[in-house]
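According to the working numbering, the sequence shown is numbered sequentially starting from 12. These notes are about the structure you will find just below.
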Amino acid sequence: MQVKLLSLEHAAETLVGIVGHAGCGHSNSHCGFIQDDSGGLCAALRILQLATGLDLTIQKVEAIAGRRGEFRVRTASGGIGTASPRRGITPFEAELAQRCVGEQAVCTQALAMKCFGRTLGQGAMEVPVALQAAIANAAMNSFANALPKFFLTGSEDIDDNFGKLLGCVIEVDGVPVSLLALANATKGGIGPNEDIEGNVNLAGKRAMMQSLRLDVLPTILVEGKVCAEPVSSKIHEPTFVTRAYPGDDNFVVSECLEAAAHDLGLPIVYPRELLARSQTGMRDLTHEMGMHIARLGERLAKAVTSKEKVEIAAEINRYASEELGGVTFMSDDIHTLMGGVGAIPGTTGCLSLFISREELEQVVYPALTLEDADHFAHIILAGVGKVMQRLAEAQAEVAKATERYKNLHDQIFSVHR
Numbered sequence: 012m013q014v015k016l017l018s019l020e021h022a023a024e025t026l027v028g029i030v031g032h033a034g035c036g037h038s039n040s041h042c043g044f045i046q047d048d049s050g051g052l053c054a055a056l057r058i059l060q061l062a063t064g065l066d067l068t069i070q071k072v073e074a075i076a077g078r079r080g081e082f083r084v085r086t087a088s089g090g091i092g093t094a095s096p097r098r099g100i101t102p103f104e105a106e107l108a109q110r111c112v113g114e115q116a117v118c119t120q121a122l123a124m125k126c127f128g129r130t131l132g133q134g135a136m137e138v139p140v141a142l143q144a145a146i147a148n149a150a151m152n153s154f155a156n157a158l159p160k161f162f163l164t165g166s167e168d169i170d171d172n173f174g175k176l177l178g179c180v181i182e183v184d185g186v187p188v189s190l191l192a193l194a195n196a197t198k199g200g201i202g203p204n205e206d207i208e209g210n211v212n213l214a215g216k217r218a219m220m221q222s223l224r225l226d227v228l229p230t231i232l233v234e235g236k237v238c239a240e241p242v243s244s245k246i247h248e249p250t251f252v253t254r255a256y257p258g259d260d261n262f263v264v265s266e267c268l269e270a271a272a273h274d275l276g277l278p279i280v281y282p283r284e285l286l287a288r289s290q291t292g293m294r295d296l297t298h299e300m301g302m303h304i305a306r307l308g309e310r311l312a313k314a315v316t317s318k319e320k321v322e323i324a325a326e327i328n329r330y331a332s333e334e335l336g337g338v339t340f341m342s343d344d345i346h347t348l349m350g351g352v353g354a355i356p357g358t359t360g361c362l363s364l365f366i367s368r369e370e371l372e373q374v375v376y377p378a379l380t381l382e383d384a385d386h387f388a389h390i391i392l393a394g395v396g397k398v399m400q401r402l403a404e405a406q407a408e409v410a411k412a413t414e415r416y417k418n419l420h421d422q423i424f425s426v427h428r
């Protein structure tokens, strides 16, 4: 597989898209959904390393302790990323953060876990989430710093978010491809706000996506390493899952990813029932979870024994740090249009890696490896060729969904400019 960078002048010629993000702090959602939500960025970075040979070794982590503490991550290629946790950095945390020095700045959530054991969002574990954000931004800055003429750069441009964007054009076996990588990172390490994850073309991404034609291309959307139903209870080895709900997403892209994985000898399934859009799903779930917290508050207000108060407080913390990730990551109206992985209707087939329930019992949290990232990259690159073989079909799915969702799309743009 031949991969190389093309100049940005070739953006008008691209035929297929690749998008991938890291959702800093989106470790959990409801219904036992547990993930390493950095797979998209991992895959994009590995593809760019194949195209450029750039070294993403973390050369230094400057961790400034104190209530106004800050992480400053530098890579061997001169990339720099910074982030500050809301409640500061202790001297012990500054020391633990050094454990990622010498590692490749690719599997960003796993690196934060290597330093601090695990990550949790919604403000539960701000320090590892902030470190992940600094690593992710440093990785993308590495390419912009070393090869500025080949990359478009930007920021999320969402209130209280500071994740970076990196866009470019690559050639995959002669096919011009638009690629966009990004970090969704909320200030203070509280995470996650992923209103512009995936290929959502709002805020800081909109102009860049238009320049790269990523708002109209059949696109491979890359997600993370997950334990979740309905897949994880049925598998016994790590298995790739592609998702595209017919009529809402681009089933042609998912079928091409499925074929690519089969050719590579990598396990994959395509459950057709996943990712259907819901008009009220996010609003209903947010209300349900808010009422559950209210009931916990009522119980706490009435509690008189230490045992009761401790148990209720622990459940509030567990619920907020795990279940609430399923509603905090995206605004209700954006979810109605773009769905749970942030996908412009009709454009994408999503690729994730699922682990079994048995494996989760041993590891507690999924964590991406460089081998996982390479497998993602190989499927994606092979998938580009498969999409080209069915390009007219894939483009027809884009056109049909664009027409179907046009009015809702216009409404969302009028609110989120």
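We treat Cβ as the ideally placed atom computed from N, Cα and C, and that holds for glycine.
Query	Result
Own chain partners of VAL140 with C-beta closer than 6 Å, once the 5 adjacent residues on each side are dropped	CYS35, GLY36, THR130, GLY200, GLY202
Between the CA atoms of VAL84 and GLU73 - distance to the nearest angstrom	6 Å
Environment of THR68 [buried if 16+ CB atoms lie within 10 Å]	exposed
Which listed residue (MET399, ASP344, THR339) has its alpha carbon closest to that of LEU268	MET399
Rounded C-alpha distance that separates ASP184 from ALA271	15 Å
Residues that DSSP places opposite HIS32 in a beta bridge	LEU193
SER342, DSSP secondary structure in three states	coil
Sheet register partners of LEU232 (DSSP bridge)	VAL30, CYS361
Beta-carbon spacing of GLU167, HIS32 below 7 Å	no
Alpha carbon of ALA354 to alpha carbon of LEU392, nearest angstrom	20 Å
One or two residues paired with GLU182 in a DSSP bridge	LYS15, PRO187
According to DSSP, residues forming a beta bridge with GLU73	ARG83
Residues near ARG401 by beta carbon distance below 6 Å, same chain, minus five either side	VAL263
Residue ranges of each beta strand (DSSP E) within the stretch 248 to 279, 3 or longer	250 to 254
Pairwise C-alpha distance: ASP66 and GLN60	8 Å
Alpha-carbon to alpha-carbon, ARG310 and ALA194	38 Å
Contact between the stretch 101 to 114 and the stretch 308 to 322 (3+ Cβ pairs under 8 Å)	no
VAL280 versus GLY99: straight-line alpha-carbon distance, rounded	43 Å
Backbone secondary structure at PRO356 - three-state DSSP	coil
Alpha helix (DSSP H) segments (min. 4 residues) lying fully within the stretch 115 to 181	119 to 127, 137 to 157
Own chain residues within Cβ distance below 8 Å of GLY396, not counting five before or after	VAL183, ASP184, VAL186, ALA271
Proximity of PHE161 and LEU16 at Cβ, strictly below 7 Å	yes
Neighbourhood of CYS126 by C-beta, 7 Å cutoff - its chain only, sequence neighbours within 5 removed	LEU107, ALA108, ARG110, CYS111, PRO139, LEU142
Cβ neighbours of SER88 in the same chain (closer than 6 Å, five flanking residues each side left out)	LEU65, ASP66, SER153, ALA157
GLN290, buried or exposed, once every other Cβ within 10 Å from all chains shown has been counted against 16	exposed
Given ARG415 as reference, the closest of GLY178, SER367, ASP259, ILE366 once Cα atoms are compared	ASP259
MET12 classed as buried or exposed, judged by whether at least 16 other C-beta atoms fall within 10 angstroms	exposed
ALA23 to LEU223 span [Cα, whole Å]	7 Å
DSSP-derived helix/strand/coil call for ALA94	strand
Per DSSP, cross-strand counterpart(s) of GLN46	VAL237
Alpha carbon of SER40 to alpha carbon of GLU104, nearest angstrom	26 Å
Distance, LEU190 Cα to GLY235 Cα	17 Å
Cβ-based neighbour list, LEU163, same chain, cut-off 6 Å, excluding 5 preceding and 5 following	GLY178, MET219
Run of the alpha helix (DSSP H) containing VAL211, from where it starts to where it stops	Note, VAL211: premise wrong, no alpha helix (DSSP H); not H, not E.
Residue from ALA150, PHE365, HIS21 with nearest C-alpha to SER244	PHE365
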